[in-house]
Amino acid sequence: MRRTGMKLVGVVVGIGIALWSAAADAGSFTVQVGPNNTTSFVPATPTVAAGTTVHWTWSSTSPLHSVTSGTCSGSTCSPDGRWDSGVHGGPFTFDLIFAGPLLGSVGTYPYFCSVHGAAMQGAITVKATPHDFDANGKSDILWRNTSSGGVAMWLMDGATIASGSFITTVPTVWTVVGVADFDGDAKADILWRDTSGNLALWIMDGTAPKASSILGNVSTQWTIVGVADFNGDGNADSSGGTAPPGMCRCG
Ligand SMILES: [Ca+2]
Ligand SMILES: [Ca+2]
Ligand SMILES: [Cu+2]
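Encoded structure:
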């Protein structure tokens, strides 16, 4: 049975190497800066998938504007240092990719215009895509060999396999009971349970587990029926809830 498992993995890795160059980002989203001579960002508060490139476009030659990350309190705005386009008139564009350690986490990134201050504010909210292990805004596929215990992954680019990776082997008493983003980095993580009721969590960085922990033991009379962000903080929570059983697709 183990030979069968390794043979499957060999096929997966082979496909991955052949198609490695197919990886792509989550697409782009455009925000207009002061359209029609207004002091506004349009749309002001969009939500985008992690991995999205946001294009800010200036069309009016005046007044001048900037896209400066930070927050305003009353009439006073304070940059937070994440980004600053500088002050420009149109035509001008400023692009940022919402990925990586600085901009890739799930959450809201506020900004303002350094010329118009609190009168001209916007925010980009970054959300995780369900089952997206590499935070490119596209769901991926996790494989388990129920004979060998092998764990493998396909990083997907739509209907194309961008890469395939064998991760490791986990004893078959353990079952994947949830895939969701538990730490809010926009990369999906893996929740495991064994036949004794022990729960373990792998915090993933793409195809590699970067941290693992035993969450505890819950009597096997209790079944996980959903993994989702129940308290709205952008992080997945594990709980009995109204979500469908098994690997939740509602994140
Ligand atoms: Ca992905
Ligand atoms: Ca995560
Ligand atoms: Cu402005």
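Per our numbering, the sequence shown runs over residues 14 to 264. Cβ atoms here follow ideal geometry from the backbone N, Cα and C, with glycine treated the same way.
Give a single yes or no on whether residue i has its beta carbon closer than 6 Å to a heavy atom of ligand 3.
| i | result |
| --- | --- |
| H129 | yes |
| H78 | yes |
| C90 | no |
| C126 | yes |
| M217 | no |
| M169 | no |
| M166 | no |
Using DSSP's beta-bridge definition, name the partner residues of residue i.
| i | result |
| --- | --- |
| I237 | Answer is none; I237 lacks a bridge partner. |
| S82 | Y124 |
| V139 | V61, G120 |
| L168 | S176 |
| S91 | T84 |
| H68 | T43, D108 |
At a cut-off of 6 Å, would you count residue i as near ligand 2, judging by its Cβ distance to the nearest heavy atom?
| i | result |
| --- | --- |
| D196 | yes |
| K200 | yes |
Output the boundary residues of the beta strand (DSSP E) element that contains residue i.
| i | result |
| --- | --- |
| K223 | 221-230 |
| S178 | 173-182 |
| A213 | 211-218 |
| C106 | Correcting the residue type first, residue 106 is Thr in the shown sequence and not Cys. Note, T106: beta strand (DSSP E), 105-110. |
| A193 | 187-193 |
| D202 | 202-207 |
| S53 | Neither: S53 is in no beta strand (DSSP E) and is coded neither H nor E. |
| L155 | 154-157 |
What is the C-beta distance between residue i and residue j, in whole angstroms, given that I count them as a contact (C-beta under 8 Å)?
| i | j | result |
| --- | --- | --- |
| T84 | S75 | No, T84 and S75 are not in contact; Cβ-Cβ is about 26 Å, not under 8 Å. |
| I216 | D196 | 5 Å |
| S41 | T70 | Contact flag wrong, Cβ pair sits at about 11 Å. |
| G171 | K151 | 7 Å |
| D198 | G117 | 7 Å |
Flag residue i as yes when its Cβ comes closer than 6 Å to any non-hydrogen atom of ligand 1, and as no otherwise.
| i | result |
| --- | --- |
| K151 | yes |
| D147 | yes |
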